[in-house]
Structures are given as C-alpha cells and as structure tokens.
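With numbering that gives the first Met the number 0 applied, the sequence shown has no gaps in its numbers, which climb one by one up to 1194 at the end. All C-beta atoms in this analysis are idealised placements derived from N, C-alpha and C, irrespective of residue type, glycine included.
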Amino acid sequence: MADKSTSLPVPIIPKPRYSSLCSDDEVLDDEGDLCYESVPEKRDLWIENYSSLPSTQNSIYLPVTGRVLAPSPKTDSTPQLTPVIKMGWLDKNPPQGSLIYQRRWVKLDADYLRYFDNEKEVYSKRVIPTSSITGVANVGDQKFEVVTHNRIFLFRAESDSERNEWVSVLQDMTGPVRARVSNELTLNPMVNSEMKGYLELRGLRSKLYTVVCGDKVFLYKNIEEYKMGIGITSIDMNVGNVKEMDRRAFDLTTPYRIFSFIAETDQLKDQWVEAMRNSIAEALSNYEVAEKIWAEPDNQKCADCGAPKPEWAAINLCVVFCKRCAGEHRSLGPSISKVRSLKMDKKVWTNELIQLFRVLGNERANQFWAANVPPSEALSVCSSSEERRRFITAKYREGKYRRYHPLFGNQKELNNALCINVQSNDVCETLALVFCGADVNCDTGLPDSPSPIALAVNYGQALQVEFLTQNRNTEIPRSEVKLAIHTEHYMAPPSITHNGFLFKTASMARPITERKNKEEFSRRWCVLNDGNFNYYESDKNATPNGGLKMKEIVCLAVSPPETHGYDHSFEIYSDAERLYLFGTDNPETMREWVKSIAKSFIPQCAEELLQKDFERIGRLRYKDPLNLESSRVGWFCLVGSTLHVCLEDSHGQETIHLQKLLELSRDNEVLVLVERGRTLYIEGERKLDFHGWAAGIERAAGSSGDTLRQQQLTEADIPVIVERCIHYITQYGLTSEGIYRKSGVNSKIAALLEAFRRNARSVWLKEAEQQVDDVSNVLKRFFRDIEEGLFGQHSQNWLTTTAVSDESKRISHYQLLFNNLPRVNKATLRTLVNHLYCVQRFSEMNQMNLHNLAIVFGPTLFQTDGKDYNAGRVVEDLIQHYIAIFHVNEQQLKRQLDEITYIIKLRDNLNPKTGPASGDFICTVYLEEKKETAEQHVKVPASMTAAELTFEILDRRKMTWKDKDYWCCFEVYEKEETERPLHYQERVLPILHSLGTDSYLLVKKHHSMEAMLVYLASKVDVTKHGMLKFREEKSLLGLTTGSFNDRYFMLNQTSLRLYKDVRSNRAEKEWPVKCLKVFQGIKKKLRPPTCWGLTVVYESERTEKQEKQQWYLCCDTQTEMREWFATFLSIQHAGVLWPADWVKSRAASRAASRAAPPDARLGNVSLIPLRGSENEMRNSVAAFTADPLALFGNL
0 MADKSTSLPV
10 PIIPKPRYSS
20 LCSDDEVLDD
30 EGDLCYESVP
40 EKRDLWIENY
50 SSLPSTQNSI
60 YLPVTGRVLA
70 PSPKTDSTPQ
80 LTPVIKMGWL
90 DKNPPQGSLI
100 YQRRWVKLDA
110 DYLRYFDNEK
120 EVYSKRVIPT
130 SSITGVANVG
140 DQKFEVVTHN
150 RIFLFRAESD
160 SERNEWVSVL
170 QDMTGPVRAR
180 VSNELTLNPM
190 VNSEMKGYLE
200 LRGLRSKLYT
210 VVCGDKVFLY
220 KNIEEYKMGI
230 GITSIDMNVG
240 NVKEMDRRAF
250 DLTTPYRIFS
260 FIAETDQLKD
270 QWVEAMRNSI
280 AEALSNYEVA
290 EKIWAEPDNQ
300 KCADCGAPKP
310 EWAAINLCVV
320 FCKRCAGEHR
330 SLGPSISKVR
340 SLKMDKKVWT
350 NELIQLFRVL
360 GNERANQFWA
370 ANVPPSEALS
380 VCSSSEERRR
390 FITAKYREGK
400 YRRYHPLFGN
410 QKELNNALCI
420 NVQSNDVCET
430 LALVFCGADV
440 NCDTGLPDSP
450 SPIALAVNYG
460 QALQVEFLTQ
470 NRNTEIPRSE
480 VKLAIHTEHY
490 MAPPSITHNG
500 FLFKTASMAR
510 PITERKNKEE
520 FSRRWCVLND
530 GNFNYYESDK
540 NATPNGGLKM
550 KEIVCLAVSP
560 PETHGYDHSF
570 EIYSDAERLY
580 LFGTDNPETM
590 REWVKSIAKS
600 FIPQCAEELL
610 QKDFERIGRL
620 RYKDPLNLES
630 SRVGWFCLVG
640 STLHVCLEDS
650 HGQETIHLQK
660 LLELSRDNEV
670 LVLVERGRTL
680 YIEGERKLDF
690 HGWAAGIERA
700 AGSSGDTLRQ
710 QQLTEADIPV
720 IVERCIHYIT
730 QYGLTSEGIY
740 RKSGVNSKIA
750 ALLEAFRRNA
760 RSVWLKEAEQ
770 QVDDVSNVLK
780 RFFRDIEEGL
790 FGQHSQNWLT
800 TTAVSDESKR
810 ISHYQLLFNN
820 LPRVNKATLR
830 TLVNHLYCVQ
840 RFSEMNQMNL
850 HNLAIVFGPT
860 LFQTDGKDYN
870 AGRVVEDLIQ
880 HYIAIFHVNE
890 QQLKRQLDEI
900 TYIIKLRDNL
910 NPKTGPASGD
920 FICTVYLEEK
930 KETAEQHVKV
940 PASMTAAELT
950 FEILDRRKMT
960 WKDKDYWCCF
970 EVYEKEETER
980 PLHYQERVLP
990 ILHSLGTDSY
1000 LLVKKHHSME
1010 AMLVYLASKV
1020 DVTKHGMLKF
1030 REEKSLLGLT
1040 TGSFNDRYFM
1050 LNQTSLRLYK
1060 DVRSNRAEKE
1070 WPVKCLKVFQ
1080 GIKKKLRPPT
1090 CWGLTVVYES
1100 ERTEKQEKQQ
1110 WYLCCDTQTE
1120 MREWFATFLS
1130 IQHAGVLWPA
1140 DWVKSRAASR
1150 AASRAAPPDA
1160 RLGNVSLIPL
1170 RGSENEMRNS
1180 VAAFTADPLA
1190 LFGNL
C-alpha cells in the first residue's frame, strides 16, 4: 500500500463538482509532445548520469520503498493533507506556436508543485515532484523557469515581486534535495504496483499510462513521464467506486468526478477492475486488528504455507493465513472454516476473539492441526492452487495431520473431558477435544449449567466461551471419509476414466457472448480419473496446469456446432463461479468427453438423464408453490424444447414441454415455469450457470423454426398465434363486414407478426390496441408463410380429392387424409375449420359466406397462386362437411354458436353507435376535499391533460387564481394513504383506467411546488444521492425485508440505484427511472420511522409479464423528501415541472382540447361513468346517448 506521506492530497471542498482533465480542445494538457520546450544541452543543471537510467526505472512519483504499510489505524476517509507552502494564480507557458498564456492555480508543498484549472479543482492538470526539479531561474518580464530532467516549465507572475517570491521559495525547496536526486533516480527499488499500463479515458484523444499502487491510482501522460515522475494527478481510492460498463469499459467514480476508462481487451478490463477494487479494499482497510494479532510472533506467518504478514483468519479454527490460502479455506465452506479478514471485518473482532488468537497462535494451533505433516506434503509460499487445495482439505476437512487425543473414539469420555477442561484456561486442550469429536452442545447434567458454554460462563472463562461459541456448529473432521460428502447429496466416488487432447481457453467469470477464435485456445492434455478432471501442458508433463473435482461441477453445456473456432465445443461451470470452455474438431471426441464428464458428476438418482442427447445438464435449486420458504436440489436436462427433471421430492423423471408453457417469466434470479395445474420456481444459486440455464430455457420455449410443430404451442397442440388470433376475431370481429377480405395496415401486420414470431406467449391482443383487419391478415399471412404448409408434404392429394364426384367417398377420402396428418397439423386444421364454420354461420352480418371464405383461404392454406379453384373447393368441402369430416359433436357445436350469439348481442348492448360522443368517459372529480358538495362530474376525452381537467373544474366553480397559485390534479389512494400530483401534460384517461374503488381524482393547490421549483433552479445537475430508510413490499416468493433499514441511494438521469452503504462498490438493486411512479406518503400500519415518506411503484416494460414492485422510502426532514420528489419529477419530465406562463398555458390547453381529434384507439368506447352500479352505468349510457347534456343539468 502506498505511503500516505507520498500521496497526492485531495483537499476538502465545500461543494463537490466535476472537474476535467481535458483542455478545451480535448487534448490531455497544454503540454503535448510538442508543447514543452526542449532543454538546451549547454544548460549545466542536468544530472550528468541521467542518461544511464535503465529502461525499467520506476517513477519517483510513486513511493520509493516496495510495500509500505498504512498508518494504523484509519479513522475516516479524509485524505491527509501535506501543508501547502505557497499557492496562487500564475500564467503558464502556452503550447508551441501559441501566444496566449494559460491561467493556472498553482500549489507548492514539500513534495510537489501542482497546477489546476482553478482553485476549486480536486484533480490537478500536472504534478511535478520537487525532487525532479533541477533548477529555478528568472527570465525577465515577470517570468521564471522551472527546469526538470528533460523539460522546462515557464510561468509568469502578475508582478516582479510575486515572481521573486515564487523563485525564492522554489529554490529553497529544491536546494536540499538536489544532492540526493541522482541516488534516488538510479537506486530506487521496484515499486510494488498492483497494475500498470495504458488505458483510454473517454474525452481524451490519447491514452493515459495508469498505475494502481496501494490505495491510489496514478495517471501519467505516457510511460516516459511515468519513469521521470511527472504525473497528471492521483486518485485516492478511499472515496472511489468501480463499476463495470459495456464491453471493455468501466467507471471509477469519486464524489468529484467520474473517470470512464476503456481497456484494450476484455481480459485486461477484468484485471484492471480487480486491481482497482483491491486498491479500494486496501484504502478502506483497518490495520488495528492486524497489528494486535501480529503482536504474537507466531501469527506473523501463514499457518499453512508460511507466507509473511497473513491478513486472513479462520475464527473457529484459530489459525491465521495468507490471501492465497484464504481462497481454499473459503471453498471448505463456513461449516468447516469461517474465513474473516483482519483488515476489513472489524466488527467481528471482539477483544475476547483477539485475545484468543494471541493465546493460541499459529504455532500452538498447528501442534494439533499439523502434528503429522509429511515433509513431501507440506506447503511452501510458492505452492500452486491445486497443492494448497489438496493440503488444506486434508488438514481441516479430513483432519489427516491432526494430533489425536487419547480419548478419540470414546464420545462419552470426550464430552466429560470437555466439561472439565472448560472450567480452566487451557484453550489448547479444548481445541484438541472439540476437533477430535467432543460435542460442544452436550448435556453436562447440571441444571444451572446445562452446556459446556454455560459452564465456562459460570467459571468466568471468557476465552473458552469465545472458542466454544465460534464452534457451536462446526463440522468435525472425519479422516475415515476419504471423499468429502456434500451436505445436499451424497455422490459415490466416480470410477470414470478418460484422457486425450482438447483445446482450452482461459477460465472466465462471465458468460461467453462472443465467438472464440482458434487463436484463443491452447492445446492441453486432459485426464479424467478418480473424480478429478485435470489438464496438462502436454502428455509428457506430470504437474497439471489446473483442474476440477467432479463434485465442483454444477453444469455441463454443449455448444451448437461451429459456435467457436473449433467446430465442436462444450462448457463446464463450477460452483466457484468459473466457466471453462473446451473445443475440438472431432464430433466423436467431444461426444465421448461430454458423456464421460456427465457420468462423473451426475448422481445415481438422476442417471436417467444421461440417456438423453442433451444440450445442457446440471444441478439447480427449485421451489414449488406449496413450500416457498425452502428450496431443494434438482437435476435438470435440456433437450430441444423439452426440459427433463429429476426432483428431490419425486420418483423418477418428469418432463416439461417448454413450448407449451402457459407462462415463462424471470424475476431477478428466479425462473418461473407455469404449466396447467403446476408452477415451478427455478432458483439461481450461482449467477453464472443460472444465466446460461435461463437463456437456454427461454430460447427453447420460443419458436424454434418455421414449421407448425416448431411454433410455441398450446396444451391442445395448436400454435399460440393461431389460437389468439381466432379468439380475438371471435370476440370482436365476427360481425365485421368483409372479415378476412379487407386488408389491414401493412406496417402493423408486419410488426404484430414479428412479435408473435419472437415470443407468441407474450403477445396479448386487445381491442383498444389492435384492429380486427390487422389481426385477420396476420392469421392469413402466417398460414401462407409457414414452411411445408398446413397440409404438409401430401397437399397434392387433398387437391386431387376434389375430382371425386361421389360426396360420401370424397368425405371418406378427406377423413383418411386428415388422420394421416402430423399431430400439430391435425389440431390446427380442426381449429381453423371450426372457426371458419362459425364465421360463415354469421354471414348475414359479415357478408362472408362459404364461397367467399373458400376464395380467400384456398390459396392461403395451399400456398398457391389462386389461378384455379381446386384449393378453394377443398376449403369449401371442409367447411360444408365440417361435422362429418371431423366427427364433431353437434350438441357442443350448437353450444358454441349460442355463446357467440350471446357475445355479439352483449357487445351491441354495451357499445351503441353514439356518433360524436364515442370515446369519452364520465368521471367524478373532487375540488380541494372529498365530499358530496365538492363533486364535479366531468366528460373526459382521450386527449384531455391534467392541466385541462384542472382548468375545467376551476372554471365551473368560477374560481380565480394568481401566478403563485399552483393548482394541480392529484390521484389519491385512500387505502395506501398516498397521493401523486399529475404532471400538467399527463393524459387523464389512462389514469382513470387504472384507478381502483378506493382511489379518486382531486384538484387542489400544490403547496410544495414553489419550493420544488426554487430547489431545481439552484441545481446545475439534476441528480441526487444520500441515505434513506428503505422497506420493500413482500415479494412473489414470500421473502420480506421486515422493517425499515438504512440504505444509500443514487438517482441520476437514467436509473435509481440502491447500495448497502455509502462505501459499497456494487449496487444491490437498480431500477430505470422511467418505470417508477412516486407517491407522497406511506400507510401508517407500516410504522414508518418518520412522517416524511415516499411510496415508489415499479412496473417493468416487459410485455410478457408485467412485473410490479412496491417499496417505501423515509426521509429525515420534509425538505429532504421534497428535494427527492422534485428530482424524480424533473428527471421523468425533462426538467419541466410547471409551465412558464400559467395563464397562457391555460388558454393554449383549452384551444388544443377543442381542436384535438379523438383518440383512434378509444373510438368505440362508450360514455360510461366510473361510479355506481351496473344498472346505473347502463342508464347513464342510454341517457347520454339521447341527450349528451342531460347529465350536466344539475351542475
């Protein structure tokens, strides 16, 4: 970690603001390669041996000692400032060829000369270490030069006296260090930087040389200036946050500026992000605990490999270890090793726990854990990850090297010995007893002290209490079990063996989204044996490059041919969130490997799945609706559009036909599959493999081709598109004149057809959104375009049947052809002919008799040019003899026709042709408060805005208003105890459609509007962030947050983000602002901590499932709540909350309402008041039809 004394200070400024590293022309600084003056060779201020500097010389701008420990401890995140010796405004030398000096704010301290755009900037334009300054000299006209090893910086003061002061101070500063510059430049050791290299910074024309070192990020113009120590600026990471963006980009966010970097490759991006996050962790770390633990000399080396200064510990095993060993301890699981950081998990480290580690120490703990380690198996600092994993598993999970207690195997005596020993301070003996099998929760037989913990409490043995408490649920090592048993399922030691060459890419922590070329693969010798899959540099090597245990594999996926550079490839997902990609050009080789790996990790209970030609197979967690509180393990296998499942609570294999699902949706990390009579929730235990499963299942549930059988189907094997189009036309189009003959709007037909092809299950046809002729043409175009047609490959046989003159023989021939059709074709043809039969039965209304339908559908279904009538004759025969050919139950057909007749009559009654009033609604609006005397009944056309409705109400009451009277229309929800002011341009009719029985519209003054407008006018950038008290509504799966909790929120132009606290690197949740509806108020039964709250409703834009969430935010003051609410509204309405001229806006709105045409989508909706019983509604419709003004007579 970088030494704090050498860091670039970031001063505290009263108001955060964004600063730029760019000049006006987007050049990094005003000193480009051509912007510095070269230093003349005759100048005697050069260091003579500078030319002998090695090319690997590190920057004197970074700390000059390898790894520098931070001061102990850090109490806050405020940077430690180096005292400023002198600062002020100076003019700096311009770029070459320019005569205009640039004004800069210059600061000088003991270490650096820095200059900024202005005095409020946090990040400098240039940093010159005082140790690199070789001379300072006057050059006349208030100018002076600052000379470094290969550049001259020319400054100009406002007066000679000011110039002389700067020169004097600089000479005093640089004089004492000049003698040691040479030594530093040539003898500095390598700086222990985490990462360094070139990064592109958005907004600049050239890349920056960037160095991550300790708890800082340093920016240089190029590598040459890095070597010389002349930097641009440094960023203290204790105020930073790193977020990954699209492709190769990532953002480093500070309170003062967002640095948007772009790496050269995805792999380098991952390395940069990891390095910067490690730097943040280093900056926020606290060495207070570590120093106390290290005070015991035995704890200054890793308990497993001996690495110095270990920063991690297992608080139940009482050992301290290094970062590399910590990863292997984590893989053991918290039931064996509870891994905690000495630097970051400060809350865990109580005084008793620290004292316990000092009393035991690594050496005394290892006298038990490592009493019998063979020298050949011992770890060293250079041991590989595989060696560490093998050793640590043997040491702590299996207890292979432990010192066995004399009472080992005698449970009763072990428990008795534990009860006796906890009364003393001998913690080492307690450790040996517990990890040899003594029960921490055994019964002591004493009423006052029923357990060993209670016994230790009574005897005042605080360290014994701490040790027993940490090991209350620890899994005891069992050396007789050579293969670890998974807590969720037992897997017998596999005996599958296979080996051969494969091509492998580097393992990844994210899904593969791009094609991997052959150059990205490396040839490896792979061996599958004894439950381990290892890969070697070649078949000659004895040490593997890496590997996996079969029990670590959670998913195996086979890629489609030619997905990557090698034609045949497969992916392995591990429980450590890593993805391994292997490829080969031989399909048989891949098939053998996939078969062998699958046999090795799939348990016996799911071995039926191995017989499938699967695309993806593995383990997932699931829930069923009868038990949403707990999840169980299931084994899943995806084959085409079928999902085969072996569930924990079922006997044998189950099959889910994905194309026949009633619903398929994704809620965060849960995939919901809805069949008839059953819902299955598939959970993402690990994000990486779950995303692969979700994408695969969603793809398989969609249309997989252009034939009928490849479409999304209903339970009756009918394509969803056919069923929904027929249902819509039956409901709304049977009385439409010329149905199926009239053409629709081509653009709408194409868009609707594309939506059905993309995901038919998510398309719902609505009368207000689709026209009958558009839907009918979609159905016709679907049948004309479908591959192989409705009648399949034997369509010619259908056409020749029309030549049979005998009617009974012709019907029999049709029946035979129908029975020979594929299953989906049969169901679809029966459904379509049934529909056409119903259409022609109402030909008096729609003018589509038998002959007309045959003319339209003959060429469509047979995909012919229509030059002859053979195709039409087939359709005519099918409709005319529908009952005989399809063996229809006449009673059921009569019932169906009666239902259609009833629907038509009901629609005629509810939708009378009312002429110009059609499309309007009558609603009740209240003025200032909800009471009968304040009721106003208003006719609301589709185009009416909230401002127009407000004017209408105020005009009726003949109320006048002033400029500062902010009258608004509010939607009020009594049950939720919330209200929301409608934006003045917001349409009222959609709001009316969404209102429930406990909600209404209210026109009143908006008393907070003026304060909100003043607040927004004072803000330069409409964003907001801060701590709020947060509570979430109960979710779909029964999970709830309980009460209000403090959370950190960031609101910007696009999204609202929730963080656990202000120091969190990643947002826990993120919502798009355009999908949020914010209400003022919170219902009292939730017991909000303050009375200033907001209720936020999120509705997703996804058409396949309208996801809705509701949660609550509490502010500490009314002003804070008003500011958050104003920011939300400003972002959602492009910064315009209120019209500039209220009176002119009123006149313009009324003129527009008179001139606006009715909304075409609501052109057939009746005038129905949104109040009263059904009879009152119908009477109101009749009355309004007779006299449109009658309902307003009493107003």
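For residue i, which beta-bridge partners are listed by DSSP?
i             : result
aspartate 964 : DSSP lists no partner for aspartate 964.
proline 307   : Lys300
glutamine 709 : None; glutamine 709 has no bridge partner.
proline 989   : Paired residues: none, contrary to the question.
threonine 583 : His567
glycine 134   : Val146
aspartate 235 : Lys215
State the DSSP-derived secondary structure class of residue i, mapped to helix, strand or coil.
i              : result
proline 82     : coil
leucine 637    : strand
leucine 527    : strand
glutamine 610  : helix
glutamine 469  : helix
asparagine 221 : coil
valine 145     : strand
glutamate 513  : coil
leucine 926    : strand
leucine 877    : helix
glutamine 101  : strand
glutamate 30   : Annotation note: pLDDT 42 at glutamate 30 (below 50); position unreliable, no value reported.
State the Cα-Cα distance for the pair residue i and residue j, rounded to the nearest angstrom.
i                 : j              : result
tyrosine 868      : arginine 840   : 22 Å
tyrosine 579      : arginine 522   : 14 Å
tyrosine 680      : leucine 619    : 10 Å
leucine 733       : cysteine 724   : 12 Å
isoleucine 596    : valine 553     : 11 Å
cysteine 304      : alanine 508    : 27 Å
arginine 756      : asparagine 845 : 29 Å
tryptophan 271    : arginine 246   : 13 Å
isoleucine 1130   : glutamine 1052 : 6 Å
glutamate 722     : glycine 788    : 17 Å
phenylalanine 154 : leucine 1128   : 49 Å
isoleucine 151    : aspartate 250  : 34 Å
valine 762        : leucine 660    : 14 Å
cysteine 922      : tyrosine 1097  : 26 Å
lysine 215        : valine 238     : 10 Å
alanine 853       : glycine 865    : 11 Å
Buried or exposed, going by whether 16 or more other CB atoms sit within 10 Å of the CB of residue i?
i              : result
serine 742     : exposed
glycine 500    : A small correction: the amino acid at residue 500 is phenylalanine; glycine does not occupy that position in the sequence shown. Exposed.
histidine 1006 : exposed
leucine 905    : exposed
threonine 209  : buried
aspartate 612  : exposed
Contact defined as beta carbons within less than 8 Å: I believe residue i pairs with residue j. What is the distance between those atoms, to the nearest angstrom?
i             : j                 : result
glutamate 973 : serine 998        : 7 Å
leucine 462   : glutamate 351     : 6 Å
serine 735    : valine 774        : Incorrect: roughly 10 Å between the Cβ atoms, too far for contact.
arginine 829  : phenylalanine 885 : 5 Å
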